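Trainee:
Below, the structure written as structure tokens:
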């Protein structure tokens with residue numbers, strides 16, 4: 001069984017891959033049957049099922065072009081299988097800037113992220129930024 005430190009290392013590596021716009025590396029940290037609850041503009045969440053579906057959501061952000069930056073501000077190992085992290089989000093595109101915070105609770109099994117719950121501080125602003 002992986003240690004809690006291993007789980008934290010996996011989460012950090014996932015964020016590093018995001019910041020490097022390395023989509024294949026990001027996908028490699030996700031379980032094939034990933035379930036992710038992603039924040040919507042009204043603050044509710046929408047469930048995404050499967051690694052490919054979740055990666056499709058990330059691809060819509062055009063990470064390689066926009067190059068958003070996630071900075072981990074806090075990590076807490078909740079239990080042997082779960083890690084919670086807070087990130088600061090910064091991005092710029094089409095003359096606009098986004099500055100937001102998001103929290104993620106992730107469940108890991110077999111050294112893969114199999115469950116994600118996400119909330120953000122400013123979901124409407126984030127939706128407006130990414131939709132234009």
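Numbering (full-length UniProt numbering), first residue to last: 1 to 132. Glycine included, every Cβ here is placed at the ideal spot set by N, Cα and C. Quantities reported herein were computed from a predicted structural model and do not represent experimental measurements.
According to DSSP, which residues form a beta bridge with residue 77?
Mentor: As a position in the chain shown, residue 77 is number 77, starting the count at 1. In the DSSP output, where bridge partners are listed per residue, residue 77 has 83.
Trainee: Would you mind listing the beta strand (DSSP E) stretches within the region 31–118 that are 3+ residues and don't spill past its ends, in chain order?
Mentor: Complete beta strand (DSSP E) runs here, min 3: 45–49, 69–77, 82–93 and 96–109.
Trainee: If the criterion is Cβ atoms closer than 8 Å, does the pair residue 39 and residue 119 meet it?
Mentor: Your numbering for residue 39 matches position 39 in the chain shown. Your numbering for residue 119 matches position 119 in the chain shown. Yes, the pair counts as a contact, with Cβ atoms nearer than the cut-off.
Trainee: Expressed to the nearest angstrom, what Euclidean distance is found between the alpha-carbon atoms of residue 44 and residue 36?
Mentor: The sequence position of residue 44 within the chain shown is 44, counting from 1. The sequence position of residue 36 within the chain shown is 36, counting from 1. Using only the alpha carbons, I get a separation of about 13 Å.
Trainee: Compare the Cα-Cα distances from residue 24 to each of 5, 33 and 64 and report the closest residue.
Mentor: Sequence index remark: in the chain shown, residue 24 carries index 24 (1-based). Of the listed residues, the one whose Cα sits closest to residue 24 is 64.
Trainee: What is the residue span of the alpha helix (DSSP H) that residue 22 lies within?
Mentor: Along the chain shown, one-based indexing puts residue 22 at 22. Where residue 22 is concerned, there is no enclosing alpha helix (DSSP H), given that its DSSP letter is neither H nor E.
Trainee: Determine the direct distance from the alpha carbon of residue 51 to that of residue 71, and round the result to whole angstroms.
Mentor: Here residue 71 refers to the residue found at position 71 when the chain shown is read from its first residue. Here residue 51 refers to the residue found at position 51 when the chain shown is read from its first residue. So the two alpha carbons sit approximately 23 Å from each other.
Trainee: Can you give the Cα-Cα distance for residue 81 and residue 28, rounded to whole angstroms?
Mentor: One-based indexing of the chain shown puts residue 81 at position 81. One-based indexing of the chain shown puts residue 28 at position 28. Their Cα atoms are separated by approximately 18 Å.
Trainee: Assuming residue 73 and residue 86 form a contact by the criterion Cβ under 8 Å, report the distance between their Cβ atoms to the nearest whole angstrom.
Mentor: Along the chain shown, one-based indexing puts residue 73 at 73. Along the chain shown, one-based indexing puts residue 86 at 86. Between residue 86 and residue 73 the Cβ distance is about 5 Å, and since that is below 8 Å, they are a contact.
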